[in-house]
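Some notes on the structure that comes next.
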Amino acid sequence: MNIFTPTNLKRTLFFIVLDLLAIAVSVYIAFLLRFDFSIPDQYIFDIYKSFFILGLMRITLFYILDIYKVSWRYFSFKDQVQITYTLMSSTIVFTLLVYIFRESFFSGYPRSVIPIEFMLSFLLILFSRASKRFFLEIYSKHKLGKPTLIIASPQKAEEITRVLMKTYQDYWPAVIWNDEMVGLKINGVPIKSYKTIKECHQGLESVIISNEYKLQDYYDALKALNIDEIKIFNSMEYETQNMLEELSIENLLARHPKDLDKSTIQNFIKDKTILVTGAGGSIGSEICRQCEKYGAKQLILLDHSEFNLYSIEQEIKTISTVAIMENIRDLNLIDKTFEKYKPEVVIHAAAYKHVPLVEANITEAILNNIVGTKNVIDSAIKYGVEKFVMISTDKAVRPTNVMGTTKRICELYAQNSNGKGTDIVAVRFGNVLGSSGSVIPKFKKQIEEGGPITVTHPDITRYFMLIPEACELVLQAGAIGNGGEIFILDMGEPVKIVDLAKRMLELSGRDDIEIVFSGLRPGEKLYEELLIDESDTKTEYESITVAQPTKYDIDKLNQDIDELVKSNNQLKKLQEIVPEFQHKK
228 MNIFTPTNLK RTLFFIVLDL LAIAVSVYIA FLLRFDFSIP DQYIFDIYKS
278 FFILGLMRIT LFYILDIYKV SWRYFSFKDQ VQITYTLMSS TIVFTLLVYI
328 FRESFFSGYP RSVIPIEFML SFLLILFSRA SKRFFLEIYS KHKLGKPTLI
378 IASPQKAEEI TRVLMKTYQD YWPAVIWNDE MVGLKINGVP IKSYKTIKEC
428 HQGLESVIIS NEYKLQDYYD ALKALNIDEI KIFNSMEYET QNMLEELSIE
478 NLLARHPKDL DKSTIQNFIK DKTILVTGAG GSIGSEICRQ CEKYGAKQLI
528 LLDHSEFNLY SIEQEIKTIS TVAIMENIRD LNLIDKTFEK YKPEVVIHAA
578 AYKHVPLVEA NITEAILNNI VGTKNVIDSA IKYGVEKFVM ISTDKAVRPT
628 NVMGTTKRIC ELYAQNSNGK GTDIVAVRFG NVLGSSGSVI PKFKKQIEEG
678 GPITVTHPDI TRYFMLIPEA CELVLQAGAI GNGGEIFILD MGEPVKIVDL
728 AKRMLELSGR DDIEIVFSGL RPGEKLYEEL LIDESDTKTE YESITVAQPT
778 KYDIDKLNQD IDELVKSNNQ LKKLQEIVPE FQHKK
């Protein structure tokens, strides 16, 4: 191993030696200053005593308080405050010792040395810690990297410029775009308005924008500057390995809901046993990650796909998990699982969701989506689950396909089964970015293969949301639900799929790929809706509303579901249960 390779032990030993040297120098200079650079012989022993006692106290305190674990390169103001308090504490204790033993061990000790030594140690020890950061930040001003435009709030701009100066030497922060703080500087970087930047932006080679902003609000303005390289800055609080990531279509469509209430979610999840159906799917797996993040006691992972179940089980590391491979259509197995593990919360994400496949497999969709959901709800009630949260879809609103109709019946069953001891809610939202079989992975694959990109219709639109955003809002809705609600997530404005395809081509730099229109598929709508009757109720959160309830006698619904399963004309029976179902073949 290279002797210069940094390790925790080497860093600790290095700073112990450096601190002892700083204390020794400070004590000696303090005595020199006290006696006008001519220290009487009788005070030489006092120098040794001071060094030994102060050195022992400070090194011990630094070690106990983990000051030696602070990275030299990332020494911060908070670390500076901690060192200051430690130095003050040790100096106060030393002063008390001098006073208590003034007639014996410290007889004749020159007390004016104490404040002088404190100031010198303070300066030397802090300088030794801050020197590397100071050097790196001054060095970065030599403009070795690409001149970069920063787009961020003042707080994030401070973080971005600091990180660039220390870590990403390929980028030099040249200017910050913030129209409200023009004329100020952050870490020496000037803040200018967009108008000023647009008039004199020559030389800017890249843009870094904080992920706190909706990038789509800035994208067209950035394109006007003719800067091709755009990076997204992920703050350290977002637990990502790479703070700078390439611009993607997901970044452009991300919404970043402002009223995400993490404390409410944590109170809902923390220390609970949670069962997630469809745990290996796009939504289910992210729900599992969020439950781990918010401190669930145990996760019961239920899925009928062996590979998906194995994948998510291997990913969850910090909390207890149980992997259950079974089909929600089997009520006997579901009952045994609930009886054995006694979940307190159930998140039901298992469903067949691909519209064309469901159109071709109607009976399987009815059994999985409707009967499976009924089984899980019935078991949850039977075994005293506290809260049941069902994932629904915007396709359940005035459905034109079988998939949406099955989910609407699931909503009806969830809403009208409430009141039996288990709070049952449903959460309805649109498409999530990057889920299996969704349009974005399909377009990416088509671009990689050289095209063409196939869009079903030039006017077709869809709602989009990032999977993590949707899942956190699902948990937040579940937390505030009292039972019987169908919550609706604010999906923002719908996006034209052809515009999405054009933007993805633009981002990929491929202007040689054409877009072709293939025609609407069976059951496909030109646009999706989130409300049936255009009336909803607000919650305390702007991103979450509640649809008006639909009453349906639960005994009648159970009878209708039994008849649906046995029916020779299942489409007709689906329309009887959901009158607004207008099937598009």
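Throughout, our numbering is defined as the position within the sequence shown, counted from one, plus 227.
Heads up, the beta-carbon is just placed ideally off N, CA and C, and yes, glycines get one too.
Bear in mind that the values here come from a model prediction, so they are computed numbers and not experimental data.
- The beta carbons of Ile539 and Gly599 sit about 19 Å from each other, so the pair does not count as a contact at 8 Å.
- In the DSSP assignment, His575 is bridged to Thr504, Met617.
- As computed with DSSP, Ile403 is found in a beta bridge with Ile377, Ile418.
- Taken in chain order, the complete beta strand (DSSP E) segments of 3 or more residues contained in the segment 507-557 are 525-530, 547-552.
- Residue pairing from DSSP leaves Ala641 without any beta-bridge partner.
- Here the alpha carbons of Phe345 and Pro337 stand approximately 14 Å from one another.
- With respect to the 8 Å criterion, Thr504 and Ala576 are classified as neighbours on the basis of their beta carbons.
- Taking the Cα positions, Glu591 is about 17 Å away from Val603.
- In this structure, Pro749 is the residue among Val390, Arg730, Pro749 with its C-alpha nearest to the C-alpha of Gly631.
- Remark: three or more beta-carbon pairs, one from each stretch, lie closer than 8 Å, so the segment 524-544 and the segment 486-506 are flagged as touching.
- Looking from the CA of Asn709, the closest CA among Val616, Pro267, Lys672 belongs to Val616.
- Contact between Ile510 and Ile618 is confirmed by a C-beta separation of about 6 Å, below the 8 Å threshold.
- When C-alpha distances from Phe258 are compared across Phe460, Tyr521, Ile341, Ile597, the shortest belongs to Ile341.
- Taking Gln517 as reference, the option from Gly335, Val701, Ala401 with the minimal CA-CA separation is Val701.
- Inter-residue distance for Ile636 and Leu727 is about 31 Å (C-alpha atoms, whole angstroms).
- Annotated as distal: Leu288 and Ser253, with beta-carbon spacing of 8 Å or more.
- DSSP links Tyr398 through a beta bridge to Lys373.
- Remark: C-beta atoms of Asn405 and Pro381 approach each other more closely than 8 Å.
- The alpha-carbon of Ile694 is positioned some 37 Å away from that of Asp306.
- Classified as buried, Asn535 has 16 or more neighbouring CB atoms from the shown chains inside 10 Å of its CB.
- Our two residues, Leu314 and Val244, have alpha carbons roughly 17 Å apart in a direct line.
- Looking only at Tyr295, Lys672, Leu753, Ile680, the smallest Cα-Cα distance to Val722 is reached by Leu753.
- Annotation for Leu560: Glu553 place their beta carbon closer than 6 Å to its own, counting only its chain and skipping 5 residues before and after.
- Residue state for Arg338 is assigned as coil, using DSSP reduced to three classes.
- In the structure shown, the three-state DSSP call for Ile781 is helix.
- The beta carbon of Ile492 lies closer than 8 Å to those of Gln517, Tyr521, Glu699, Leu702, Gln703, Ala706 in the same chain, with the five residues before and after it left out.
- With a threshold of 16 other beta carbon atoms within 10 Å, Pro400 meets it and is buried.
- DSSP places Val297 outside any alpha helix (DSSP H), giving it a letter other than H or E.
- Taking a contact to require three or more Cβ pairs closer than 8 Å, the segment 647-656 and the segment 797-808 do not qualify as touching.
- In terms of CA proximity to Ser665, Gly508 leads the group Thr633, Gly508, Leu236.
- With fewer than 16 other Cβ atoms from the protein chains shown falling within 10 Å of its own Cβ, Gly677 counts as exposed.
- Only residues of its own chain outside the window of five on either side were considered, and among them Ile343 have a CB closer than 6 Å to the CB of Leu260, listed in chain order.
- Within the DSSP secondary-structure output, Asp650 pairs in a beta bridge with Lys614.
- Residue burial annotation: Tyr312 is exposed, with fewer than 16 other C-beta atoms found within 10 angstroms of its C-beta.
- Per DSSP, Ile713 lies in no alpha helix (DSSP H) segment; the continuous beta strand (DSSP E) that holds it begins and ends at 713-716.
- Sorting Ile724, Glu769, Gln269 by C-alpha distance to the C-alpha of Leu747 places Ile724 at the top.
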